[in-house]
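Student: Protein chains in written order, with my numbering: chain A, 1 to 151; chain B, 152 to 302.
Ideal Cβ positions, reconstructed from N, Cα and C, are used throughout, including at glycine.
Please read all numbers here as calculations on a predicted model, not as lab measurements.
There are 2 protein chains.
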Amino acid sequence: MQTTSGRHDLELALGEQINALVSATRALSERSAATFHPQLQPAAFHIARWLYAFGPARPSQVAEAVGMDRSSTSTLIGKMRALGLLDASPAPEDRRGTVVRLSADGRDRVAATLEERGKEFYGRVRSWSDDDLGRLVALLGRLTAERPALS
Amino acid sequence: MQTTSGRHDLELALGEQINALVSATRALSERSAATFHPQLQPAAFHIARWLYAFGPARPSQVAEAVGMDRSSTSTLIGKMRALGLLDASPAPEDRRGTVVRLSADGRDRVAATLEERGKEFYGRVRSWSDDDLGRLVALLGRLTAERPALS
DNA sequence: CGAAGTAGTTTGCATATCTCCACTATACTG
DNA sequence: CAGTATAGTGGAGATATGCAAACTACTTCG
């Protein structure tokens, strides 16, 4: 069964499992987004949590990565900077660009939001062994280790 | 009780990995949604793929599960039924309600969209062993086995 | 039986986001 | 240099979605 078609089936199965996970978390994500910061639109949370997961980046990278247009991204980044959630510094190699990163406060807020949301998820793994849970975390870590290679 | 702190760290790590995965897939999801069906809004794809992952359900369950309100859900379900992507049947135990399920065409379209999107993801697991990939699929399956218990 | 509650639909309105476009500042190319 | 391309910002109008309320059909409870 270690054939090419088995491999393809495995990849399809991975796609379906990722789909299930994303579907299952979508409601929570949207609700978290709404409560991330009272003065911000939901999409701001998508930007913040991408920066939390993948680190500092240029606004256009962020826009591409989260699937928003540059205009909205720019506006939201501006608001988050005004609220002290993000810091921006000029890009070292290209003075047209900037690099945005979460501030300490921004990181704390994302972490708090994720943990709050995660509570509704922890019940599912309550019966898991530490080994299985650790394995899943490690494998997901490998899966998301690289920044998305977007089209 | 002292072992719970390691456990809690594991759970936090799981939350962060899920966050990374959801963040990484968000752009792809949004783009897939736009191309799922030319005459449908993006959110229709969220409904369709939830049904694909978790099977037939009542409209209100769907709305709750994907984090949309009942009115938008109802409208989108109506459009998808008109396009033949969904079938609806009266709920067996409560004639106020209905149960919606993907039609064969709807299932095919979701599968095609997922596979198309997945291609951009498969590159990441190309170097993985079948064992590791199978393990991840199995663990994700356990994680998403139950329908979301929403609050 | 009647009253109250629930599932689903529909409508009107508010808001968030997208699309396109223009503009500035900087980078690259010939 | 001059001309073109790119990063980021901002605006105007269009669309998608959320929210609240009304309405029908059905269920449940007293």
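Using the beta-carbon count (16 or more within 10 Å), is residue 197 of chain B buried or exposed?
Tutor: Buried is the call here.
Student: I'd like the list of long-range same chain contacts for residue 103 of chain A, defined as Cβ closer than 7 Å, with 5 residues on each side in sequence excluded.
Tutor: Excluding sequence neighbours, residue 103 of chain A sits near 84, 85, 86 and 87.
Student: Check whether chain A comes within 8 Å of residue 222 of chain B, counting only Cβ atoms and requiring the distance to be less than that.
Tutor: Closer than 8 Å: no.
Student: Measuring alpha carbon to alpha carbon, tell me which residue in A:120, A:146, A:145 and A:138 is nearest residue 164 of chain B.
Tutor: Closest option to residue 164 of chain B, Cα to Cα, is A:138.
Student: Would residue 172 of chain B count as contacting chain A if we go by Cβ distances under 8 Å?
Tutor: Interface residue, yes.
Student: Does the Cβ-Cβ distance between residue 287 of chain B and residue 143 of chain A come in under 8 Å?
Tutor: Against a cut-off of 8 Å, the Cβ pair of residue 143 of chain A and residue 287 of chain B comes out as a contact.
Student: What's the gap between the Cα of residue 149 of chain A and the Cα of residue 222 of chain B?
Tutor: In this prediction, residue 149 of chain A scores a pLDDT of 46, lower than 50, which makes its location untrustworthy; the coordinate-derived value is nonetheless stated afterwards. Roughly 36 Å separates the two Cα atoms.
Student: Going by other Cβ atoms of all chains shown within 10 Å of its Cβ, with 16 needed for buried, is residue 210 of chain B buried or exposed?
Tutor: The residue in question, residue 210 of chain B, is buried, as its Cβ has 16 or more Cβ neighbours within 10 Å.
Student: When the cut-off is 8 Å and only beta carbons count, does residue 192 of chain B lie next to chain A?
Tutor: Answer no: the Cβ-Cβ gap between residue 192 of chain B and chain A never drops below 8 Å.
Student: Using 10 angstroms around the beta-carbon of residue 190 of chain B, count the other beta-carbons present and answer buried if the total reaches 16, otherwise exposed.
Tutor: Exposed, because fewer than 16 other Cβ atoms sit within 10 Å of the Cβ of residue 190 of chain B.
Student: Is the beta carbon of residue 217 of chain B sitting closer than 8 Å to the one on residue 23 of chain A?
Tutor: Against a cut-off of 8 Å, the Cβ pair of residue 23 of chain A and residue 217 of chain B comes out as a contact.
Student: Does residue 37 of chain A come within less than 8 Å of chain B when only Cβ atoms are used?
Tutor: False, the Cβ-Cβ gap to chain B never drops below 8 Å.
Student: At what residue ranges does the segment 36-98 of chain A contain a whole run of the beta strand (DSSP E), taking only runs of 3 or more?
Tutor: Qualifying beta strand (DSSP E) stretches, in chain order: 86-90.
Student: Roughly how many angstroms separate the alpha carbons of residue 249 of chain B and residue 228 of chain B, rounded to a whole number?
Tutor: Going from the Cα of residue 249 of chain B to the Cα of residue 228 of chain B covers about 11 Å.
Student: By the criterion of Cβ-Cβ separation under 9 Å, what are the contact partners of residue 67 of chain A in chain B?
Tutor: In chain order: 177, 178, 179, 180, 181 and 182.
Student: Pull up the distance between the alpha-carbon of residue 101 of chain A and that of residue 107 of chain A, whole angstroms please.
Tutor: Roughly 9 Å between the two C-alpha positions.
Student: Quick check: the Cα distance between residue 118 of chain A and residue 168 of chain B, rounded to an integer number of angstroms?
Tutor: Residue 118 of chain A and residue 168 of chain B: Cα-Cα distance of roughly 11 Å.
Student: Does the beta carbon of residue 169 of chain B come closer than 8 Å to any beta carbon on chain A?
Tutor: Cβ-Cβ to chain A under 8 Å: yes for residue 169 of chain B.
Student: Does any residue of chain B have a CB that is nearer than 8 Å to the CB of residue 144 of chain A?
Tutor: Yes, because at least one Cβ of chain B sits closer than 8 Å to the Cβ of residue 144 of chain A.
Student: Cβ of residue 244 of chain B less than 8 Å from any chain A Cβ?
Tutor: False, the Cβ-Cβ gap to chain A never drops below 8 Å.
Student: I want to see whether chain A comes within less than 8 Å of residue 250 of chain B, judged by CB atoms only; does it?
Tutor: Output row for residue 250 of chain B: interface = no.
Student: What are the partner residues of residue 251 of chain B, as DSSP defines its beta bridges?
Tutor: Paired residue(s): B:208 and B:239.
Student: Cutting at 8 Å between CB atoms, please list the residues of its own chain near residue 69 of chain A, excluding the five before and the five after it.
Tutor: Contacts found: 63.
Student: Is the beta carbon of residue 43 of chain A less than 8 Å from the beta carbon of residue 37 of chain A?
Tutor: No.
Student: At the 8 Å Cβ level, is residue 108 of chain A part of the contact set with chain B, yes or no?
Tutor: With 8 Å as the cut-off, residue 108 of chain A does not count as an interface residue toward chain B.
Student: Residue 139 of chain A by DSSP, collapsed to three states: which one?
Tutor: In the structure shown, residue 139 of chain A sits in a helix (DSSP, three-state: H, G or I).
Student: Helix, strand or coil: which one does DSSP assign to residue 162 of chain B?
Tutor: Helix at residue 162 of chain B.
Student: Please classify residue 145 of chain A as buried or exposed, where buried requires at least 16 other C-beta atoms within 10 Å of its C-beta.
Tutor: The residue is exposed, with fewer than 16 neighbouring Cβ atoms inside 10 Å.
Student: Using a Cβ-Cβ cutoff of less than 8 Å, which residues in the same chain neighbour residue 242 of chain B once the five nearest sequence positions on both sides are dropped?
Tutor: Here the set comprises 209, 248, 249 and 250.
Student: According to DSSP, is residue 146 of chain A part of a helix, a strand, or is it coil?
Tutor: Coil.
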